[in-house]
Amino acid sequence: MTPRAITFELNGEPVTTLAEPLEPLQAVVHDRLGLTGTKAGCRQGSCGSCTVQVDGEPVLSCLVPIEHVEGRSVRTIEGLTPEGGELSPLQAAFHEGFATQCGFCSPGMITAASALLERNPNPSREEIIEALSNNVCRCTGIEPIIQAVQDAAARMRALEEAAA
Amino acid sequence: MTTQAKPFDVIGRSQERQEARGHVTGDTVFIDDLKFPRMAHMKAVRSPVPHAKVRGVDFSEAEKVPGYIGHLTHEDVPKNTYTILTLIGVEPDEEKVLAEDRVRYVGEPIAVVVAETEQAAFEAASKVKLDLEELPAVFDVEEALKEDAPVVTHWGTNYFVYEGHECRRIRYGDTEKAKQEADHIISGRYQMSPIEHAPVETTGCIAKPEADGRVTVYTNTQAIFFSLDNTAIILQMPTNKLRFIGGTVGGGFGGKVDVIVEPLATLGALKFNRPIRYVYTREEEMQVSSTRSANRIYITDGVTSDGRIISREVTTYEDAGAYSRHTPYGVTKHAANAAGPYTIPNVSIDVYCVYTNRPPSSAMRGFGVTEASFAIEMQMDRIARELNIDPWELRLRNAYRNGDERPYRKITQDATLVETIQAAAEMAGVELSAELRAMSSDDREGVN
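Quick note, the sequences are listed as chains X and B, same order.
Its first residue numbered 0, the first sequence is counted upward by one per residue in numbering that gives the first Met the number 0.
Its first residue numbered 0, the second sequence is counted upward by one per residue in numbering that gives the first Met the number 0.
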């Protein structure tokens with residue numbers, strides 16, 4: 000297939016890249032654009048490591064053809080990391096709560112959880128489990144992950160209240 | 000000169016993990032995140048059948064694939080033998096790096112192809128024509144030990160030979176005599192299927208030739224020096240020509256110690272003078288990488304009416320699959336643990352390392368021991384049910400104590416089983432009797 004120029008928004012900045020229209024979004028972001036936080040664990044939509052947000056919704060980027068995001072907004076783990084060396088409340092909760100072991104699933108977990116907290120600042124345990132049901136952690140540390148999302152939600156609500 | 004002593008303030012406190020920050024920002028570099036100029040891609044040509052003679056391999060159609068660079072067969076490998084156990088003195092070294100005249104499991108590599116892109120490498124691998132003469136295959140451990148079973152190994156028996164014996168044996172006391180004295184004979188048959196580690200990051204490496212003649216290998220192995228040493232042996236080159244960089248492993252659990260990808264990637268880097276990326280697909284990880292062994296375990300216990308196990312006989316068949324890898328070693332660990340953490344005066348254990356036409360099994364989290372624990376604890380519950388004894392009490396009465404001799408002739412030291420069971424009961428809200436609560440690993444009060 001012939002590559003062509005495809006334009007979309009990546010972490011808030013417009014980007015134009017040459018890609019084959021059916022190339023997976025994961026391959027374009029990771030291999031062509033060098034944002035290596037978006038991991039490929041299976042390339043068949045079953046592990047969730049490649050989760051990114053498209054217009055705020057979590058998607059499995061290994062299954063999304065790049066032409067599907069033309070003109071849309073894509074956010075990856077790099078776009079969820081604040082500038083200047085700080086961690087986001089969600090990243091800090093994962094870090095401090097030992098919610099990461101080998102680290103391969105972590106960017107996908109955080110990206111999926113971030114999308115949840117955007118639309119639901121106070122999710123129940125069941126809603127967190129549902130939101131992360133596409134993401135596999137084989138080191139079996141899923142409890143600290145659920146806890147970290149709950150902790151992050153509480154921190155973010157406290158920050159909101161302090162600002163209000 | 001005086002030195003200021005640093006306060007002891009590490010033990011008992013959580014410490015920040017040095018790599019955790021990179022994990023949550025996505026900055027941690029795994030091998031799949033590395034890219035080098037002129038990097039080429041390697042893919043294996045694998046056996047589609049479980050057992051066959053290899054009569055020929057034809058690359059002529061593969062060579063026509065755009066981006067094709069070349070291939071490696073067994074003729075290119077200086078020492079074409081997987082040597083993973085050479086370093087700890089366990090033989091046999093029977094597995095080939097690339098198959099020669101026989102393949103023994105579905106997915107066994109016969110050749111590798113190298114191409115400009117991963118896609119071209121896949122396509123080229125699929126176009127290599129294999130001339131195979133299929134042979135009868137065997138997939139069950141007990142079937143494999145029958146007289147007329149297809150022979151898997153090159154030495155003629157479907158079992159590993161332990162010091163002249165067909166199995167790893169332990170003999171302690173006299174189980175035949177003890178069984179006569181027992182009030183109950185209780186038997187069980189237990190088995191586990193193979194388990195795949197399924198790390199979220201698949202097995203892989205990149206081997207990069209350097210201008211000074213060395214090769215740098217970026218790998219997600221769990222055992223960097225094991226990989227380095229075995230690659231040096233297989234390539235018959237000094238270790239100072241190899242530089243291995245690792246330490247970042249996206250899940251291993253024992254599945255990334257088999258040294259499968261590094262020797263071929265390094266060989267490819269030297270032959271084609273290109274950085275070579277050889278990373279398993281998810282399908283390869285699931286179908287080809289080694290598993291925890293399948294196993295079947297038979298236990299026959301002689302038990303007294305008051306719940307003392309006075310005799311235990313165990314026969315286990317561990318399925319190595321087509322090649323040894325770490326399973327003969329796992330079998331020895333299994334034999335040592337097959338009586339369980341209990342003091343039993345008469346024990347007889349036979350553990351067979353059996354070869355079948357299934358993918359090789361190898362290391363995985365406590366392999367050999369975990370399977371023994373599974374079967375033994377199922378058996379303990381069975382005894383408790385049949386004798387109508389509380390399962391906590393049965394375990395506490397039979398638990399090993401400090402000073403007890405194990406069937407393999409070691410004296411028990413630092414036992415904590417009694418205390419662990421007591422603590423578990425408390426956490427589970429189970430009320431133990433005062434007699435059981437008073438038990439200790441340091442004496443046999445309430446046991447005899």
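Even glycine gets a Cβ: it sits at the ideal position worked out from N, Cα and C.
Within 8 angstroms of any Cβ in chain B, is that where the Cβ of residue i sits?
i: residue 138/X; result: yes
i: residue 80/X; result: yes
i: residue 90/X; result: yes
i: residue 43/X; result: yes
i: residue 113/X; result: no
i: residue 144/X; result: no
i: residue 21/X; result: no
i: residue 40/X; result: yes
i: residue 85/X; result: no
i: residue 132/X; result: no
i: residue 65/X; result: no
i: residue 12/X; result: no
i: residue 68/X; result: no
i: residue 129/X; result: no
i: residue 2/X; result: no
i: residue 117/X; result: no
Are the C-beta atoms of residue i and some chain X residue less than 8 angstroms apart?
i: residue 199/B; result: yes
i: residue 281/B; result: yes
i: residue 257/B; result: no
i: residue 40/B; result: no
i: residue 19/B; result: yes
i: residue 151/B; result: no
i: residue 32/B; result: yes
i: residue 183/B; result: no
i: residue 346/B; result: no
i: residue 249/B; result: yes
i: residue 29/B; result: yes
i: residue 116/B; result: no
i: residue 64/B; result: no
i: residue 11/B; result: no
i: residue 458/B; result: Chain B is shown from 0 up to 447; residue 458/B falls before or after that span and cannot be answered.
Name the residue from the options whose alpha carbon lies nearest to the alpha carbon of residue i.
i: residue 285/B; options: 97/B, 254/B and 109/B; result: 254/B
i: residue 160/X; options: 129/X, 135/X and 120/X; result: 120/X
i: residue 49/X; options: 30/X, 25/X and 69/X; result: 25/X
i: residue 187/B; options: 312/B, 144/B and 170/B; result: 312/B
i: residue 138/X; options: 98/X, 61/X and 38/X; result: 98/X
i: residue 404/B; options: 351/B, 345/B and 373/B; result: 345/B
i: residue 332/B; options: 359/B, 365/B, 358/B and 357/B; result: 365/B
i: residue 232/B; options: 209/B, 265/B and 201/B; result: 265/B
i: residue 129/B; options: 335/B, 55/B and 14/B; result: 55/B
i: residue 9/X; options: 61/X, 73/X and 20/X; result: 73/X
i: residue 42/X; options: 151/X, 162/X, 29/X and 132/X; result: 29/X
i: residue 393/B; options: 217/B, 163/B, 109/B and 377/B; result: 377/B
i: residue 19/B; options: 60/B, 407/B and 247/B; result: 247/B
i: residue 162/B; options: 351/B, 372/B, 81/B and 419/B; result: 351/B
i: residue 76/X; options: 158/X, 51/X, 44/X and 134/X; result: 51/X
i: residue 146/X; options: 53/X, 135/X, 157/X and 95/X; result: 95/X
i: residue 339/B; options: 38/B, 318/B, 370/B and 319/B; result: 370/B
i: residue 139/B; options: 227/B, 315/B, 382/B and 257/B; result: 315/B
Could you check how far apart the C-beta atoms of residue i and residue j are, in whole angstroms? I think they sit under 8 angstroms.
i: residue 347/B; j: residue 193/B; result: That belief does not hold up - the Cβ atoms of residue 347/B and residue 193/B are roughly 27 angstroms apart, past 8 angstroms.
i: residue 131/B; j: residue 199/B; result: Wrong, their Cβ atoms sit about 34 angstroms apart, outside the cutoff.
i: residue 73/B; j: residue 95/B; result: 6 angstroms
i: residue 400/B; j: residue 442/B; result: 7 angstroms
i: residue 35/B; j: residue 219/B; result: Rounded, the Cβ-Cβ distance is 16 angstroms, inconsistent with contact.
i: residue 57/X; j: residue 114/X; result: 4 angstroms
If you measure between the beta carbons of residue i and residue j, is that distance less than 8 angstroms?
i: residue 103/X; j: residue 33/X; result: no
i: residue 182/B; j: residue 302/B; result: yes
i: residue 15/X; j: residue 1/X; result: no
i: residue 107/B; j: residue 45/B; result: yes
i: residue 262/B; j: residue 321/B; result: no
i: residue 424/B; j: residue 431/B; result: yes
i: residue 361/B; j: residue 93/B; result: no
i: residue 355/B; j: residue 143/B; result: yes
i: residue 112/X; j: residue 89/X; result: yes
i: residue 207/B; j: residue 215/B; result: yes
i: residue 151/X; j: residue 116/X; result: yes
i: residue 267/B; j: residue 329/B; result: no
Identify every residue that forms a DSSP beta bridge with residue i.
i: residue 301/B; result: 184/B and 310/B
i: residue 9/X; result: 12/X and 73/X
i: residue 26/X; result: In DSSP, residue 26/X forms no bridge with anything.
For residue i, is the beta carbon positioned less than 7 angstroms from some heavy atom of the ligand NAD?
i: residue 61/B; result: The ligand NAD is not part of this structure, which contains no ligands at all.
Return no unless some Cβ of chain D is closer than 8 angstroms to the Cβ of residue i.
i: residue 24/B; result: Going by chain labels, chain D is absent from the structure shown, which instead holds the protein chains X and B.
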